[in-house]
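*Asks:*
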Amino acid sequence: MKGIRQLFALIVVFAAFGCSGGGSAGAPTTPTTSASAGEGTATVLLTDSPFSDAQAVLVTFTEVSAHRSGGGWETIPFSPPSASRTCDLKQLQGAQDILGTGPLPQGHYTQIRLMVSEATLYFDNPAGGPACAPAIAAPAGASAPLEIPSGEVKLNREFDVTSGDVTTITLDFEGERSIHQTGSVTFMMKPVIAVVSVQ
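Per this note's numbering, numbering of the sequence shown is gapless, rising by one per residue and ending at 219.
(1) Can you find the residues in the same chain that come closer than 8 Å, C-beta to C-beta, to Pro159, ignoring five residues on each side of it along the sequence?
(2) With H, G and I counted as helix, E and B as strand and the rest as coil, what does DSSP make of Ser44?
(3) Can you tell me the Cα-Cα spacing of Gly161 and Ile96, whole angstroms?
(4) So, is Pro101 buried or exposed, given that buried needs 16 or more other C-beta atoms within 10 angstroms?
(5) Which first and last residues belong to the beta strand (DSSP E) in which Glu194 is found?
(6) Which residues does DSSP pair with Phe98 in a beta bridge?
(7) Which value, in whole angstroms, describes the spacing of the CA atoms of Cys152 and Thr63?
(8) Between Val84 and Leu109, is the Cβ-Cβ spacing less than 9 Å?
(9) Return helix, strand or coil for Phe34, following the three-state DSSP convention.
(10) Closest by CA to Val216, which one among Asp192, Lys210, Val79, Gln126?
(11) Where do the ends of the beta strand (DSSP E) carrying Ile156 lie?
(12) Using 10 angstroms around the beta-carbon of Glu178, count the other beta-carbons present and answer buried if the total reaches 16, otherwise exposed.
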């Protein structure tokens, strides 16, 4: 669709330190996050620019998790702790903010999973406040909800988390392929996310 650029990139950092959410989009602040023996810390950051014809793009996430081989899904908590976390992707152009951070047991991981519950485009006014928060007030003016046939996104990529190790996984959310205009004022989101690198 015309006017859609790369929606955003997700940077997943598994490290021995974490970051807190709710700060300014330009420079996330760093909280004190302690991990027990045999654990690392997972920090999920969002960055880059969304749908260029909108003033705001609010996307609500209900889960970020990683699948441990021989175990199950390990949840990476939202920061601050909440049932969901909403991000205004428009504010993340050339900046980043935190989706979640918390301890992750050491082990071999095979997948990353994101759950997106809802998303809305706002055309007239930008959103106020931080780029990511437990809730963001909807801007005034024209808007269009994004229909999401399936908000579950699973990414197959193997990696290891060990105590004291630092692993950075960069995910690219391809907006050009994710947002589709289905009518004069109707849109659909089918999230397309690729693993760019594991370091």
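For every residue, glycine included, the Cβ atom is placed at its ideal position computed from N, Cα and C.
*Replies:* This is what the structure holds:
(1) Gln75, Ala76, Tyr142, Asp144, Asn145, Pro146, Ala147, Gly148
(2) Only weak support exists for where Ser44 lies, its pLDDT of 47 falling under 50; the value from the coordinates is given anyway. Three-state DSSP puts Ser44 in coil, outside helix and strand.
(3) 34 Å
(4) So Pro101 ends up on the exposed side.
(5) Unbroken run through Glu194: none, as it is neither H nor E.
(6) DSSP lists Gly120 as partners of Phe98.
(7) Cys152 and Thr63 have their alpha carbons spaced roughly 14 Å apart.
(8) no
(9) The predicted position of Phe34 is uncertain, since its pLDDT is 38 and thus under 50; a value taken from the coordinates is nonetheless stated next. Strand, per DSSP.
(10) Asp192
(11) From DSSP, Ile156 is part of no beta strand (DSSP E); its letter is neither H nor E.
(12) exposed
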